[in-house]
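When you read off a place in the sequence shown, starting at 1, and then add 623, the result is the number in this note's numbering.
So the structure is just underneath, and the comments pick up after that.
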Amino acid sequence: MRLAPRPFFALSVLAFITAAGLSAWKLLPAENDGAMSCSTKAIMRFENMDKENVNGNIHFNFAARGKGSMVVEGYTDSAAGWLYLQRYVKFSYTSKRISSTERHYRISRWESSASSIDESPDVIFAYFMREMSDSHDGLFLNAQKLNEKAILLSSINSPLYVCTLKSGSKLD
């Protein structure tokens with residue numbers, strides 16, 4: 624069976640557009656690519672384990688379009704005593720899916736602010752962020768699915784948190 628030139632051209636254009644559309648749909652990142660929310664509890668002890676530590680809850684929110692936030696709430700213990708901590712961190716991120724159970728997040732350009740009831744010294748929270756990022760400008764997090772409700776967040780050098788996924792959130 625032989626097709627005339629015009630129908631053959633139209634069929635070829637249709638096949639090309641279909642292939643290009645499917646490729647773009649699979650290869651281009653989705654608007655909410657990497658979106659995920661989870662919470663964890665953490666105790667971070669600094670050099671002087673008797674005097675300086677952070678004890679609190681951390682809420683991660685990797686939202687759509689590469690924008691995210693982190694809320695750290697709890698207490699700090701230092702020479703100043705036990706003081707309430709509530710910090711908000713806004714950041715930009717990029718994300719790359721490694722496998723069906725693993726995703727990399729690269730956090731950059733973060734800025735933090737204290738709530739009006741936060742009493743903790745800035746130096747302790749700055750140290751907390753510096754330790755979590757291994758003293759680099761950006762923060763690399765590897766998210767590995769443990770089960771349907773929990774993921775392991777790790778930095779370059781060590782595991783950081785077992786994070787419980789919030790309702791409706793998933794690692795994909």
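Yeah, the Cβ is synthetic: ideal placement off N, Cα and C, and Gly gets one too.
For this session: Measure the C-alpha to C-alpha separation of S692 and A686 and round it to an integer number of angstroms.
Result: 8 Å
Problem set entry | S781 versus I681 - alpha carbon distance | 17 Å
Exercise. Near L769, what residues of its chain come up, given a Cβ to Cβ distance below 8 Å and the 5 sequence neighbours on each side ignored?
Worked result: L775 and V785
Exercise. Starting from R753 and walking both ways along the alpha helix (DSSP H), at which residues does that stretch end?
Worked result: D745 to M755
Exercise. Among Q767, I740, F751 and G697, which has the Cα closest to the Cα of S722?
Worked result: Q767
Exercise. By DSSP, does L634 sit in helix, in strand, or in coil?
Worked result: If DSSP states are grouped into helix, strand and coil, L634 belongs with the helices.
Exercise. Can you check whether the CB of R729 is closer than 7 Å to the CB of T717?
Worked result: yes
For this session: List the endpoints of the continuous beta strand (DSSP E) containing R688.
Result: First-last for R688: undefined, no H or E at that position.
For this session: Give every residue of the same chain whose Cβ lies closer than 6 Å to the Cβ of F763, excluding the five residues on either side of it in the sequence, and list them in chain order.
Result: R729 and I779
Exercise. When you compare only the Cα positions, how much space is there between Q709 and K719?
Worked result: Within the model, the alpha-carbon separation for Q709 versus K719 is close to 30 Å.
Exercise. Leaving out five residues before and five after T663 in sequence, what residues of the same chain have Cβ atoms less than 6 Å from its Cβ?
Worked result: I681, Y784 and C786
Problem set entry | T724 (DSSP reduced to helix, strand or coil) | If DSSP states are grouped into helix, strand and coil, T724 belongs with coil.
Exercise. With respect to the beta strand (DSSP E) encompassing K664, which residues constitute its N-terminal and C-terminal limits?
Worked result: M659 to R668
Exercise. Going by DSSP, what residues sit across from E696 in a beta bridge?
Worked result: N680 and Q709
Exercise. Counting contacts by CB-CB distance shorter than 7 Å, is S715 in contact with chain B?
Worked result: Absent from the structure: chain B. Only one protein chain is present.
Exercise. Using a Cβ-Cβ cut-off of 6 Å (strictly less than) and excluding sequence neighbours within five positions of F683, which residues of its own chain qualify?
Worked result: C661 and M693
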